[in-house]
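Line by line, the protein sequences are chains A and B. Residues in the first sequence are numbered consecutively from 1, following the working numbering. Residues in the second sequence are numbered consecutively from 797, following the working numbering.
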Amino acid sequence: MKQKIHVRVNGQAHVFDVEPWDTLIEVLRENLKLVKTKEGCSVGECGSCAVIMNKKSVNSCLVLALDADGKDILTAEGLAQDVEYHPFNEALIQQSSMRVSFDPPGSKAQQEFFTFCHVCPGHCSVKATLEDGKVVDITPDKDSGLPNELCPVKKGRFSIPEVLNHPDRLKYPLKRVGFRGEGKWERISWDEALDTTAEKLLLLKEKYGAESVAFGLGEPKGLEFAFAQRLASVFGTPNVVTPGWCCGIPSGMASALTYGWNCVPDEEYPTRLMVLWAVNNNHTSGGVRRETMERAVDNGARLIVVDPRKIDMASIADLWIRLRPNSDGALAMGLLKVIFEEKLYDAEFVSDWCTGVDLLEEELKTFSLQDVEELTWVPKKTIREFARIYATTRPATIQWGNALDTSAIAFPSAKAIAILRAITGNLNIPGGDVFLTPAPFLRPGKFFLLSKFPRNREKSVGGDFKLALRSAFVPPHAFVNSVLNGEPYRIQAGIFLLTNPILSYPDSKRTYEAFMKLEFVVVSELFMTPTAALADILLPAAWGMEHEELGYWPGWYEEIRTYPKLVDPPGEAWADTRWLNELAKRLGLEKYFWENDEEALDEWLKPSGFTYEDMKRKRVLHSKREYNAHDYRTPTGKVEIYSKNAAEFGYSPMPYWKEVSSLPGLTDEYPLLMTNAKEDVYMLTGYKHVASLRNMKPEPIVEMHPDTAGKMGLKEGEMINIETKKGKIVQRLALDDTLDPRVIVTSFGWWFPEDRSGVFGWDKSNINVLTRSEPPYDPGIGTVDLRGIPCKVYPA
Amino acid sequence: MRLPHFLYYAPATLEEACSLLAKHGTESMPLAGGTDLLVKMKHRKIVPKVVVDLKHVSGLHAISYDQDEGLRVGALATIQSLKDSIVLKSNCKMLAAAAGVESSVQIRNLATIGGNIANASPASDAPLALIALGASVALERSGSSRRVLLEEFYIGPGKTVLEPGEIIREVYIPPLPPRSGGAYLKHALRRTDIAIVSVAVFVKLDEDACQDIRIALGSVAPTAFRAKKAERVLRNTNITAVLAEEAAQAAMEESRPIDDIRGHAEYRAKTVFELTKRAIMEAVQDASLGGI
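Below, the structure is given as structure tokens:
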């Protein structure tokens, strides 16, 4: 039952209607659209929600709104003029409260170094504080003018000092003794580890061909990904699994085939409308920075959020579009339909600079807005509202996210969205979605030596996926099918770095079986993970700040940054670039590598004229925004709504209703749709060992509508079963009445380092036990649906 | 993360609160500062149907000292008010010090001593200091009240002797005699983190001899507990560094640390030894200088 509360916020009196379970932060953000005071961990650890209530600082996530009745509240917004400055938050934390050290503050000399947080693609600029050779704190760098607002949960600030000094870090190369997964290891030297590996690889190459050795790579941090790709090229294997199959490539390709470039929201000039589509940039950055979003909202820009969940950005948005998971393409085509029918597009631009318009208009007539509503679960009225606002507000930007890439229909969906940008005249204009000229560093493809050693499509297990091979990878199911079915031949060995396939590849059961069947497995890791546990040779990896590094070159904003070495790695841990370099020498491939792996840093920067040492002072090379009018690098020189080249990869040249609407139906047996989200406090599957992060989110939680739970006989707070055709897992139930009753939201990436009974509980709560490795696949890169999967739930 | 839904009551008297809790039994929970309960609710570890907010009950916030009766701290006194209290700083500074190292100021401004005690975490700071100080809690339920010595209040991790419908009303600390002293030491990664190991020592000297000593250990057993074997090593002796080490060794052997995400058992055991040794010497120093 709602009650009224009276509060003063930053000097202004307000009356709010609240439920007993509403917290103060939720009420403030929802009603006042606060831009700086945020909800981070929601359990009082991160301090991002701190406010001053009746002259006492409190975490507003732990204050019931009812308990704020009659009180006087001061927030960061009321304390500082500049929206970028949150003095309150920083002041609280500066009192050495986040410093990680057993020594009393001030007892040791401190040094500060500028660097970047390396935990997520956001790469916020930070100052690392060192005492006695150890990193004790990471704070935002407010001096360099670079994006520095940490994520609300401050996961880098929490995890970096803990991981750098964690007692469970792998310190020495290990060799498996006993059976695979038994957990018995013998410590060996690096020489033995690399000699054994080289010997094995050469033997397999001779017996079965280089293609019998696969590489599994995760998200690049520094140059290690590039080294591994280069090694794969010169060794001669076309079988390299990378995250490209579910991240960045379909949307990137959709843009590239439509305008000839990828594009990002402009950060230089103000925008008047931000669409956050399938992305939660407040927590998981990498695209438009938090500072930019906040400035825009503060300057009156409107915000539209497209997400099946009411993410926190949705609570401050002007419009929240709650759609059926994976129906983004259908929604986009619905928007196109409204925009064309009501003639809201930029007529001049469309007639002068777009090809294929007639074909699109014809296609848009083949379905009705009612069809769109039925498929997307978004009311026609809302679709029209969205279309009208977007088409008539300029400049406008669309930041799209990873959730768009995790489906078999990612490409047509992304193309429909790409077309929206073009026909509304928002391409490459100040405040719109801009093309970036990358910073002058070596093109990754060149470093991978792809022209000299092209990936042989005929030989590759993923040869059916032309865009994947072109982008130097194969989808994970090609690897798994090869190992398990021997088709088109059997891969014998795998080298894995930056990755945890047992958790991150779809169809974990088959992935696990494949690992158990491999002849030889090499894994490089920071900690013992379910994948590391299955290695034959396990290598201890050095992490960010433990070696000189250049990163994050596949980033949205096409920048490159230097990450100086600040501390020594633990024990005998080596940077991946170092052991890959040494392995290459033992494979007789030294001519393509270096005496010392650090020499590659200079090579990467050659086009800029800087050496790595020079760059360390400069810290970043930025991309350029040139806002050149009508610079479309397509065959026709125009925006190709209809791209003939798409057929090269097995894609349709244009989005078709039939394709974007081909979603799995709900049945009596599987009446719900499972979607999922990355954990705010972790990074993908990692860091379950880190105490401060585990404290904020100790267990995997599944969210569903109370009516659904009631129907299925489920009690909030209990572990429940979630089952699909492929398997079942358990997660703890939380009710959320903002969800569509047909949708459940599971948590991604869960395994349990404390579970010594088997291989760290890899199949207990891991949502990839529920996903499939069978078709349908995205034709170009092989993506399978990772969201919007029919499922059922029942008590555990 | 949003809270689960619940029925909310805000009684104005303790009596009303007790009767509401008794009425709804295991489906209800009392809410004080919310810094433990709301966290557990958000994590869906506890999902009460009914929440009884105690914060509108008056008369439970005071901290007072009487020479004969000792200290009285109302259950709803915030941890920050304990940290700042002149009454505590002048008469029981160990308690103010322990309260002062709990979490962050934002948490301390909301958290209450009653909630801190009832949450029954073996790692809590103020309750550990209270055990060493020989404190007891006044418990109230409909129609009856009783006093329980805090060291007998905990029966397992997260488990106390509280009956359904029973609430902590006040904390009593017996008057601290002359030549008594204390030390509170907490070993944690960050200033705001939970203790990996914590030790509270209270000592009363008679001239230079240790007349009485209480050594309470936190985070190294299912509940906070007194290391009685360690205490026996020192009672009625003149405490020297050698004896302190012997007592610390006994304390280490009495503790039962586990491996968890904050530390390995072996590391904790070693830390018990170091911390206990230091705390004993500090408490003796404190007592001989006029102390508590």
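Glycine included, each C-beta is placed from N, C-alpha and C at the ideal position.
Close beta carbons around residue i, own chain, < 7 angstroms, minus the five adjacent residues each side
| i | result |
| --- | --- |
| SER899 of chain B | THR988 |
| PHE386 of chain A | ILE304, LEU319, ILE321, LEU335 |
| GLY961 of chain B | CYS814, LEU817, ALA818, ARG937, SER938 |
| VAL805 of chain A | The question about residue 805 of chain A has no answer here: the residues shown for chain A are numbered 1 through 796. |
Assigned exposure category for residue i - 16 Cβ within 10 Å defines buried
| i | result |
| --- | --- |
| LEU177 of chain A | Note that residue 177 of chain A is Val in the sequence shown, not Leu. Classification of VAL177 of chain A: exposed, given that the 10 Å Cβ count is below 16. |
| TYR805 of chain A | Any answer about residue 805 of chain A is impossible in this case: the structure gives chain A only from 1 up to 796. |
| PRO476 of chain A | buried |
| VAL1038 of chain B | exposed |
| SER886 of chain B | exposed |
| ARG965 of chain B | buried |
| GLY665 of chain A | exposed |
| GLY156 of chain A | buried |
| TYR489 of chain A | exposed |
| PRO20 of chain A | buried |
| MET1 of chain A | exposed |
Contacts around residue i, its chain only, beta-carbon distance under 6 angstroms, and the 5 residues preceding and following it disregarded
| i | result |
| --- | --- |
| GLN111 of chain A | LEU130 |
| TRP762 of chain A | ILE502, PRO530, TRP751 |
| GLU947 of chain B | ILE927, ARG1022 |
| MET773 of chain A | Checking the sequence shown, residue 773 of chain A turns out to be Ser, not Met. HIS477, VAL480, PRO506, ASP507, ARG510, listed in sequence order. |
Candidates the options, of which the one nearest residue i by Cα
| i | options | result |
| --- | --- | --- |
| ILE903 of chain B | A:PRO152, A:LYS56, A:ASP358, A:GLY209 | A:LYS56 |
| GLY749 of chain A | A:GLY236, A:LEU735, A:LYS764, A:GLU703 | A:LYS764 |
| LYS616 of chain A | A:ARG561, A:SER144, A:GLY463, A:TYR592 | A:ARG561 |
| LEU906 of chain B | A:PHE448, A:LYS200, A:MET53, A:GLY70 | A:MET53 |
| ARG745 of chain B | B:VAL1080, B:LYS885, B:ALA871 | Coverage of chain B is limited to positions 797 through 1088, which leaves residue 745 of chain B absent and any answer about it impossible. |
| SER1015 of chain B | B:ALA1047, B:ASP1002, B:SER932 | B:ALA1047 |
| ALA514 of chain A | A:ALA493, A:LEU497, A:ALA629, A:LYS221 | A:ALA493 |
| SER860 of chain B | B:LEU850, B:CYS888, B:ARG840, B:HIS852 | B:CYS888 |
| ARG986 of chain B | A:GLY236, A:ILE138, A:GLU559, A:LYS200 | A:ILE138 |
| GLY782 of chain A | A:TYR505, A:ALA65, A:GLU362 | A:TYR505 |
| GLY1086 of chain B | B:GLY977, B:MET1077, B:ASP1056, B:VAL835 | B:GLY977 |
| LEU518 of chain A | A:PHE496, A:MET528, A:PHE527, A:GLU525 | A:PHE496 |
| THR75 of chain A | A:LEU24, A:SER661, A:VAL522, A:SER42 | A:LEU24 |
Own chain, CB closer than 8 angstroms to residue i, minus 5 neighbours either side, in chain order
| i | result |
| --- | --- |
| LEU369 of chain A | GLY334, LYS337, VAL338, LYS380, ILE383, ARG384 |
| GLU718 of chain A | ARG732, LEU733, PRO795, ALA796 |
| ALA691 of chain A | GLU162 |
| THR258 of chain A | LYS415, ALA418, ILE419, ALA422, THR634, VAL639, GLU640, ILE641, SER643 |
| CYS791 of chain A | TYR670, LEU672, LEU673, MET674, ILE722, GLU723, THR724, ILE744, LEU770 |
| GLU811 of chain B | SER938 |
| GLY133 of chain A | VAL567, ASP568 |
| VAL1068 of chain B | VAL993, VAL995, LEU1013, VAL1016, ALA1044, ALA1047, MET1048, SER1051, PRO1053 |
7 angstroms Cβ cut-off: residues of chain B touching residue i
| i | result |
| --- | --- |
| TRP277 of chain A | Chain B residues near TRP277 of chain A: none, gap ~23 angstroms exceeds 7 angstroms. |
| SER798 of chain A | Examination of residue 798 of chain A is not possible in this model, given that chain A is present from 1 through 796 alone. |
| GLU30 of chain A | Within 7 angstroms Cβ-Cβ: nothing; GLU30 of chain A doesn't reach chain B, min ~11 angstroms. |
Residues that residue i contacts on chain B, provided the C-beta gap is smaller than 9 angstroms
| i | result |
| --- | --- |
| TRP21 of chain A | ARG798, LEU799, PRO800, HIS801, PHE802, TYR804, MET837, VAL847 |
| GLU699 of chain A | HIS839, ARG840, LYS841 |
| PRO167 of chain A | GLY1059, HIS1060, TYR1063 |
| GLU716 of chain A | PRO800, HIS801, ARG840, VAL843 |
8 angstroms Cβ cut-off: residues of chain B touching residue i
| i | result |
| --- | --- |
| ALA852 of chain A | Residue 852 of chain A lies beyond the residue range present for chain A, which begins at 1 and ends at 796; the question has no answer from this structure. |
| LEU799 of chain A | Since the first and last residues shown for chain A are 1 and 796, residue 799 of chain A lies out of range. |
| VAL63 of chain A | GLY830, LEU906 |
| ARG694 of chain A | ILE1057 |
Cβ-heavy atom distance, residue i to the ligand ADP, below 8 angstroms
| i | result |
| --- | --- |
| VAL153 of chain A | The ligand ADP is not among the ligands present in this structure, which contains no ligands whatsoever. |
(request) Select from the segment 44–61 of chain A all residues with a C-beta closer than 7 angstroms to any C-beta belonging to chain B, and list them in chain order. (result) GLY44, GLY47, ALA50, LYS56, SER57, VAL58, ASN59
(request) Please list the residues of the segment 817–837 of chain B that have a C-beta atom closer than 7 angstroms to any C-beta atom in chain A, keeping them in chain order. (result) GLY830, THR831, LEU834, VAL835
(request) Using a Cβ-Cβ cut-off of less than 9 angstroms, give me the residues of the segment 723–756 of chain A that come near chain B, in sequence order. (result) ARG732, LEU733, ALA734, LEU735, ASP736, ASP737, THR738, PRO753, GLU754
(request) Give the residues from the segment 97–117 of chain A that approach chain B closer than 9 angstroms (Cβ to any Cβ), ordered along the chain. (result) SER97, MET98, ARG99, VAL100, SER101, PHE102, PRO105
(message) Counting only Cβ-Cβ distances shorter than 7 angstroms, please list the residues of the segment 896–915 of chain B near chain A, keeping chain order.
(response) SER900, VAL901, GLN902, ILE903, ASN905, LEU906
(message) Give me the subset of the segment 849–871 of chain B whose CB atoms are less than 8 angstroms from a CB atom of chain A, sorted by chain position.
(response) Legend: CB atoms of the segment 849–871 of chain B lying less than 8 angstroms from CB atoms of chain A belong to residues ASP849, LYS851.
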